[in-house]
Amino acid sequence: MDYEEYRKKYFVDPQPKQRFNFVGIHGVALYYEDYAEALAFWEKVIGPPNYVEGEFTHGWTVGNTLFTLFPSKDGNPKNVEVPFVVENPEDVDKLYGAFVEAGAVGEAPIDTLMYEHVRMAVLKDPFGVELSIICFMGE
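Counting from 1 along the sequence shown, just add 6 to a position and that's the residue number in my numbering.
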């Protein structure tokens, strides 16, 4: 299916008016019962955190978004997907490799349509959190 067919099939026309003037989502916070292991996993993938508040708050600046880990007494994150958007298609493959090397599992990167033409990969971290890596490649 080409992009025009895809748009006609899945996008509402006319587009509904947005209710708020959003700029974005400021961050993602994940709460892990297996906190030390989760922290080690994320450090293997994206390096040491650039924000540390005490023993149990570790965070990274990812683009213009904050990504923070906290401990949980009620299991690991469920029913959440964390999408990482990268600048170029090669970075999808590179980040995918880093996730797999650290213990995530998933399907190899593909070129597909997801709102627009993208290169993407979908994985699951060792604790069950869904991850996606996306590069928007334009129409």
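Virtual Cβ for every residue (Gly too), placed ideally from N, Cα, C.
- Tell me, which residues are paired with Y121 by DSSP? Paired residue(s): none; Y121 is not in a bridge.
- Item | Run of the alpha helix (DSSP H) containing E113, from where it starts to where it stops | Counting along the chain, E113 falls outside any alpha helix (DSSP H), and DSSP gives it neither H nor E.
- Query: Using DSSP with H/G/I as helix, E/B as strand and the rest coil, what is P95?
  - Reply: helix
- Three-state secondary structure (DSSP) of G69: Looking at G69 - three-state DSSP - the assignment turns out to be coil, as it is neither helix nor strand.
- Item | Proximity to G33 [Cα-Cα], best of V68, T118, P132, D97 | V68
- What are the partner residues of F62, as DSSP defines its beta bridges? None; F62 has no bridge partner.
- Message: Using DSSP's beta-bridge definition, name the partner residues of Y37.
- Response: In the DSSP output, where bridge partners are listed per residue, Y37 has F76.
- Task: In the DSSP assignment, find the alpha helix (DSSP H) that holds R13 and state where it starts and stops.
- Result: 9–16
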